[in-house]
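Reviewing the structure listed below.
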Amino acid sequence: MLDIQKNITINLIKKLREKTGAGIMACKTALIKTNGNINSSINYMRKLGKINSYKRKNYTTSQGSIFIKISKENQYGIILEINCESDFVAQTKEFKEFGKKIVSEAIQKNITDIYIIKKKFNTQHTELINKVNENINIRRINIIQGNTLGYYLHGTKIGVIISATNINQQLIKQIAMHIVANTPEYINVTDIPKEIIENEKKIQSEIVSKLKKPSNISEKIIEGRMKKFVKDITLLEQSFIFNDKKKIKELLKENQSKINKFVYFKVGK
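Oh and the sequence shown: position 67 is 67 in the UniProt record's numbering, straight run, nothing missing.
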């Protein structure tokens, strides 16, 4: 036990706290119980009721902005995250123009590799760092393509870009806004990896077993919790924020539309 405790470093505890929002001692205990494994620690804490949500909290202090640009032909779209040390720098003209230059270049030349972007903009990157006196990190970039593209930027910190079929710009923007508000991780239920479902069911079964209910009631409780779990992480199963009487899948069916892909970026996440 003493050997295990020695391996539980402050940095490891900090990482678990960032993912769960739990207290220091709760994180340390979980890490000791799971030999320092972060994912196992999260499951251990959930089973004990220390944390409740599958969508784990992230308290990172990273600042920066999300940049989005769609090509004139509406066939390609780019979403980019650039980080800095302070929100003050993120709001400067120089920082914003740097991000806009990158997404414009990436769209024109169809660049999706972050390393190519960094190499291409190395000089401008260095100049910006020297000018604002802060570290600037070109963190990640993603390209999306399709028949119809749409996006939504929530301020400068959260962005969603969507590829869809047979859909108007108003509806695709509303769905992008919905994704920002509800943060689904998958489009369809069938997109959820089998191991994610199995792991969640195992966790809920252990939680419910502590309630000491008859087996038939326990099964119904688990079934209800699993339905909520799937709804929380699946776009098509969620109630539309602009009309909560309809699910997204019903709305799309009415309009004979289809969501092919979406990319969600949040600064620091």
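Ideal Cβ positions, reconstructed from N, Cα and C, are used throughout, including at glycine.
What you are looking at is a predicted structure, and each value in this text was computed from that prediction instead of being measured.
In DSSP terms, what residue i is bridged to
i, result
"Leu80", "Phe67, Ile141"
"Phe240", "Asn243"
"Gly150", "Ile162"
"Ile259", "Ala164"
"Phe265", "Gly159"
"Thr112", "Looking at the DSSP assignment, Thr112 forms no beta bridge with any residue, so it has no partner."
"Thr234", "Tyr186"
Buried versus exposed, by CB contacts within 10 Å (16 or more), residue i
i, result
"Gln204", "buried"
"Ile116", "exposed"
"Asn58", "For Asn58, the predicted structure reports a pLDDT of 38, less than 50, and the residue's modelled location is therefore unreliable. A value from the coordinates is still provided. Flag for Asn58 reads exposed."
"Ala106", "buried"
"Pro184", "buried"
"Asn110", "exposed"
"Leu31", "buried"
Secondary structure of residue i, DSSP reduced to three states
i, result
"Thr20", "helix"
"Leu48", "coil"
"Asn122", "helix"
"Lys194", "helix"
"Thr29", "helix"
"Gln75", "coil"
"Gly99", "helix"
"Lys213", "coil"
"Ser86", "coil"
"Ile62", "The question names Ile, but residue 62 is Ser in the sequence shown. Three-state result, Ser62: coil."
"Ile8", "coil"
"Glu134", "coil"
"Lys57", "The pLDDT assigned to Lys57 is 36, lower than 50, so where the model puts this residue is not dependable; a value taken from the coordinates is nonetheless given after this. Coil at Lys57, not helix or strand."
Within 8 Å, strictly: CB atoms of residue i and residue j
i, j, result
"Phe67", "Lys120", "no"
"Val189", "Ser65", "no"
"Lys33", "Glu94", "no"
"Glu134", "Glu81", "no"
"Lys19", "Ile42", "yes"
"Phe265", "Gly146", "no"
"Leu149", "Ile162", "yes"
Any non-hydrogen atom of the ligand GTP within 7 Å of residue i CB
i, result
"Val230", "Questions concerning the ligand GTP fall outside what the structure shown contains, since it holds no ligand whatsoever."
Whole-Å CB distance - residue i paired with residue j, under 8 Å assumed
i, j, result
"residue 270", "Ile187", "Any answer about residue 270 is impossible in this case: the structure gives the chain only from 1 up to 269."
"Asn182", "Ile241", "7 Å"
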